[in-house]
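Going by full-length UniProt numbering, the residue at position 194 of the sequence shown is 194; the numbering climbs one at a time, nothing skipped.
Let me begin by presenting the structure, written as structure tokens, before commenting on it.
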Amino acid sequence: MTDAVLAAGVPVLGSDDAAWWRQAVVYQVYPRSFADSNGDGLGDIRGVTDKADYLAGLGVDAVWLSPFYPSALADGGYDVDDYRNVDPRLGTLDDFDDMVAALHERGIKVIVDIVPNHSSDRHEMFRAALAAGKGSPERDRYIFRDGLGENGERPPADWASIFGGPAWEPVGDGQWYFHHFATEQPDFNWDNPDVHAEFLHTLRFWSDRGVDGFRIDVAHGLSKDLPAVLPSQAELDAMDTTDGRHPLWDRDAVHEIYREWRRVFDEYDPPRIAVAEAWVATPERRAKYATPDGLGQAFNFDLLEADFDAAQFRHIVTDNLAQSAATGSSSTWVLSNHDVVRHATRYGLPPRRGSLAKQGSAWILAGAPADQIDLARGSRQALAASLFLLGLPGSAYLYQGEELGLHEVGDIKAEDRQDPAFFRGADPERDGLGRDGCRVPLPWTGTGSSFGFGAAGAHIPQPDWFAGYAVDVEDADPASSLNTYRRALALRHELQTGESLEWRETGRDDVLRFVRPNGWQVVTNFGTEPFALAEGEAPVLGELVDGAVPAETTVWLRG
Ligand code: NOJ
């Protein structure tokens, strides 16, 4: 331990400390849209290395890279051909090693994305399964079933894939394979020991290369228990997802897999860390992924799904801190990622409809004509929410571009879109335009080819208004979103303390104020009226106007 143990009994972040992850700021890089070093229109690994100083200057503790593995990009790289290599369009393993070295030199940890629920249909194990035929050990590594009807011409069940369309695909010999996501993403059979071996090998491969941790994709989906007679989609939908016995989701048995992985993580010093992507029914179910003998941490998407609303934020924070204290994990906080509408735009949307309002997913943009989005309100609320989040105990997961206050791109032409959810026509009410709008390559310069992303065009076209959000433009403006994030991250390091907070009453339903163990205070005004601070209170982050916190603004005070 390099740092003191504070009041709450939890160590403060220290760079080489085994507990570094507990209060880290983790910055998500979506590699194909981050920076393009070789001018082929696709972001790459050297692009990340070239921006190592930018990341260090921003003040992040770790970088999480979405998949950079060889892939046909049927699902933005989450269709992996080979878990232990780099997509040749993105570089080589040597480039990867250079990137890790550059980030480590600057004290930045590296987290890679592991996609264990499914491979791509081009993975050698899936090719072998197709070639080996029915009943073979190779087919047993995936989920194959005989079709119904005389020659197996009908699917084994009427299940729908998450991206829309059927979830069973015929292979021409009467058998069908199961895919939760795109057709090109066959699900593994985690009852098969070869699948376990493949992923243990992969975890060691990247750990040996110096990777510090793993983000686990669809962590709640690996374990499955399919009866001989498959239920219908309607029957599946009616089943309980909270008792650990659903045939497809969040089964208690999945934790056996993570206990096995934990033993691998603990072979390393410091132990490798992991964070689960598990969209499960309750915070209690989520906590099961975050135990010390399991993955250790799990994404908490509650703030991402909430409105910009003081009561919702307070309830979510209190609830999640209690959950993480109970498991010994630390909370995670997320407002944006590569799967949802950027929060600056979400908060600017017109009032949302019914229960679907909770969804951070892209459908909401489809229901909101551009002229009904209040971009200025969205930008204000997004910064206030981000600064609230950065003051919380636990880990903050940021998504590339949010530091620029970047908005979602809503008007990408159909022919320029890539997301399978858009093309497969997933429920339009929920999924609308798909997820490409938050995956448009970053603007680094206000002018020039693809706004400094690379010498060629960007693989998803950037709109003209990206110029105003470019890194060099914001760099020059002390009041920009980028410079505010930089100040916040630097101060967060300086002020970081034990993993707890106390709420302070503010006398207003729309203003939250909390204090951390060392007196660091965060005040967020969610309302439209200014909130006066006491005489003499002077923020270290954020500006008062006439002694008051302006509408939709967060300030920090030192203890
Ligand atoms: C979750 C990932 O975040 C998403 O981008 C992907 O489409 C699905 N998992 C399937 O891998």
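We treat Cβ as the ideally placed atom computed from N, Cα and C, and that holds for glycine.
Predicted model, so just to flag it, every value in this text is computed and none were measured.
Do residue j and residue i count as a contact pair if the criterion is CB distance below 7 Å?
i	j	result
Gly213	Ile143	no
Pro70	Asp81	yes
Ala278	Ala325	no
Ile111	Arg262	no
Arg28	Tyr399	With the sequence shown as reference, residue 28 is identified as Gln, and Arg is not the correct amino acid for it. Taking 7 Å as the Cβ cut-off, Gln28 and Tyr399 qualify as a contacting pair.
Leu222	Ile257	yes
Asp140	Gln175	no
Thr241	Trp249	yes
Gly210	Val100	yes
Gln297	Ser336	no
Gly410	Gly437	yes
Tyr397	Val334	yes
Trp168	Phe181	no
Ala376	Phe308	no
Arg435	Asp339	yes
Val341	Glu408	yes
Val522	Gly391	yes
Phe313	Thr554	no
Pro283	Asp252	no
Here's a check: name, in chain order, each residue in its chain whose Cβ is nearer than 8 Å to the Cβ of residue i, leaving out the five neighbours to either side.
i	result
Leu90	Pro31, Arg32, Leu42, Gly43, Asp44, Ile45 and Phe68
Ala548	Pro530, Phe531, Ala532 and Leu533
Leu200	Glu260, Trp261 and Val264
Glu138	Met125, Ala128, Ala129, Ala131 and Ala132
Quick one: is residue i buried, meaning 16 or more other Cβ sit within 10 Å of its Cβ, or exposed?
i	result
Asp53	exposed
Leu365	In this prediction, Leu365 has a pLDDT of 49, which is less than 50 and means its spatial position is unreliable; nothing more can be read from the coordinates.
Met239	exposed
Gly498	buried
Lys288	buried
Leu93	exposed
Lys358	Unreliable positioning characterises Lys358 in this predicted model, as indicated by a pLDDT of 40, which lies under 50. A coordinate reading is not provided.
Gln372	exposed
Val229	exposed
Asp519	In the sequence as presented, Asp is not what sits at residue 519; that position holds Gly. Gly519 comes out exposed.
Pro517	buried
His255	buried
Val5	Below a pLDDT of 50, predicted positions are generally treated as unreliable, and Val5, at 31, falls in that range; the measurement from the model is reported next regardless. Its Cβ having fewer than 16 others within 10 Å, Val5 is exposed.
Val545	exposed
Arg245	exposed
Trp465	exposed
Glu402	buried
Gly77	buried
Spatial neighbours of residue i within its chain, please: CB distance less than 6 Å, with the 5 preceding and 5 following residues excluded, ordered by chain position.
i	result
Glu543	none
Tyr469	Leu404, Leu406 and Pro443
Pro461	Asp416
Gly454	Asp36 and Gly39
Gly367	At Gly367, the pLDDT of 48 sits below 50, so the modelled position is not reliable; the number obtained from the coordinates is stated separately. Once the five neighbours on either side are set aside, Gly367 has no close Cβ partner at all.
Thr327	Ala287, Ala290 and Thr291
Phe205	Arg84
Val195	Arg141 and Phe188
Ser480	Glu474
Lys109	Ala62 and Asp212
Lys224	Leu248
Can you tell me which of the options puts its alpha carbon nearest to the alpha carbon of residue i?
i	options	result
Glu184	Asn117, Ala326, Glu494 and Arg84	Asn117
Ala421	Asn192, Gly164, Glu502 and Asp546	Gly164
Ser395	Phe453, Ser500 and Arg424	Ser500
Ala72	Ala129, Phe34 and Arg122	Arg122
Arg558	Ala228, Pro227 and Leu541	Leu541
Trp159	Pro247, Gly296 and Ala131	Pro247
Thr506	Glu494, Arg516 and Asn525	Asn525
Asp173	Lys224, Asp191, Glu150 and His180	Glu150
Gln381	Leu103, Glu402 and Ala344	Ala344
Asn300	Ala538, Gln323 and Phe265	Gln323
Arg508	Ala551, Val545, Ala253 and Asn483	Ala551
Pro463	Gly446, Asp477 and Ala476	Gly446
Pro156	Pro88, Leu226, Tyr485 and Thr554	Leu226
Ser450	Val511, Val275, Val26 and Phe34	Phe34
Leu203	Ile162, Pro170 and Asp113	Asp113
Using a threshold of 6 Å, is the CB atom of residue i nearer than that to any non-hydrogen atom of the ligand MG?
i	result
Phe181	The model depicted lacks the ligand MG and carries the ligand NOJ instead.
Excluding the five sequence neighbours on either side, which residues of its own chain have a C-beta within less than 7 Å of the C-beta of residue i, listed in chain order?
i	result
Ser119	Val80, Met125, Phe126, Pro186 and Phe188
Ala18	Pro270 and Pro271
Query raised in the report: Three or more C-beta pairs closer than 8 Å, one from the stretch 52-62 and one from the stretch 484-496: is that the case here?
Result: Yes: at least three Cβ pairs fall under 8 Å.
Query raised in the report: Does the count of Cβ pairs from the stretch 292-306 and the stretch 225-240 closer than 8 Å reach three?
Result: Because the criterion of three Cβ pairs below 8 Å is not met, the stretch 292-306 and the stretch 225-240 do not touch.
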